[in-house]
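Peer 1: Numbering (the working numbering), first residue to last: 1 to 211.
For glycine and all other residues, C-beta sits at the position ideal for the given N, C-alpha and C.
From a predicted model like this one, the values you see are computed outputs, not experimental measurements.
Quick one: this structure, given as structure tokens, is what I'll be asking you about.
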Ligand code: TMP
Ligand code: MG
């Protein structure tokens, strides 16, 4: 099984540059957890299914232009519109494996030159992750992966700046996994980190981001 009865679920976030392998690893992790009988859902941000998410998606595909601060607030709003559901899922015992969250929000916008503190402010009050796993891949390596360059931010020089901001956001929930290792090795490391996290946060109350 997975955790005790009546305990809350864990909020686990995977972060990393574009094409760092997050989405594949999220899928593998989710099927591992479900296979163990664990109550777990896979989420991702941006959630492109909502109307806010569709505005973000068009912007990323270069089909629309938006002011930098405006799009920053849309990304944040896209998390806020899911906060209620996120809280009820976690409290009812569902572990959430989330592909990108607030750290993406801050790192990508700050890399465009927006003020770091201004970028953090709208994230405050969202649910704080229990564990953030950073898949560490060199921007040059990520760029060799399939589909690179399709969306707005997939440029090596920009991604290097994003990586620097990610590093500046590390806190006690942050774990780095070398994303250039073989997929199975990365998968194994994620399983260990997440299994431990789910057990440890059983008795801990949910917290809010306070950046
Ligand atoms: P995706 O490829 O994971 O769907 O993410 C799309 C892009 O959006 C990716 O380049 C990261 C960026 N992003 C932000 O700029 N701010 C955010 O808050 C999030 C969640 C993603
Ligand atoms: Mg992408």
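Check whether the segment 174 to 188 and the segment 80 to 98 touch, using three or more Cβ-Cβ pairs below 8 Å as the test.
Peer 2: No: fewer than three Cβ pairs fall under 8 Å.
Peer 1: Quick check on the burial criterion: 16 or more other C-beta atoms within 10 angstroms. Buried or exposed for residue 76?
Peer 2: Looking at its Cβ environment, which holds 16 or more other Cβ atoms inside 10 Å, residue 76 is buried.
Peer 1: Just curious, the beta strand (DSSP E) that residue 15 is in, first and last residue?
Peer 2: Here the beta strand (DSSP E) through residue 15 covers 11 to 16.
Peer 1: With DSSP run on the structure shown, which of helix, strand or coil describes residue 163?
Peer 2: Of the three classes helix, strand and coil, the one that applies to residue 163 here is helix, per DSSP.
Peer 1: Taking the C-alpha atoms as reference points, what is the distance between residue 81 and residue 71?
Peer 2: About 15 Å.
Peer 1: Just to confirm my understanding: we take residue 22, look at its own chain, exclude 5 residues before and 5 after, and list those with CB closer than 6 Å. What are they?
Peer 2: Only 14, 16, 99 and 135 meet the Cβ criterion.
Peer 1: Just tell me which of 9, 20 and 10 has its CA closest to the CA of residue 160.
Peer 2: Here the closest residue by C-alpha is 20.
Peer 1: What residues come near the ligand MG, if near means a beta carbon less than 6 Å from any of its heavy atoms?
Peer 2: Result: 18 and 151.
Peer 1: For residue 131, which residues does DSSP report across the bridge?
Peer 2: Partner(s): 12.
Peer 1: State the Cα-Cα distance for the pair residue 210 and residue 132, rounded to the nearest angstrom.
Peer 2: Between residue 210 and residue 132, the C-alpha separation is close to 15 Å.
Peer 1: For residue 1, count neighbouring C-beta atoms within 10 Å of its own C-beta (all shown protein chains included) and say buried if the count is 16 or more, exposed if not.
Peer 2: With a pLDDT of only 48 at residue 1, under 50, the local geometry of the prediction cannot be trusted, and the value read off the model is given with reservation. So residue 1 ends up on the exposed side.
Peer 1: So does residue 139 have its beta carbon nearer than 7 Å to some heavy atom of the ligand TMP?
Peer 2: No - the ligand TMP has no heavy atom lying nearer than 7 Å to the Cβ of residue 139.
Peer 1: Between residue 18 and residue 142, how many whole angstroms is the CB-CB distance? I'm expecting something under 8 Å.
Peer 2: Confirmed, Cβ separation roughly 6 Å.
Peer 1: Using beta-carbon positions only, say whether residue 29 and residue 170 come within less than 8 Å of one another.
Peer 2: Going by C-beta atoms, residue 29 is not nearer than 8 Å to residue 170.
Peer 1: Roughly how many angstroms separate the alpha carbons of residue 42 and residue 198, rounded to a whole number?
Peer 2: Taking the straight line from one Cα to the other gives about 15 Å.
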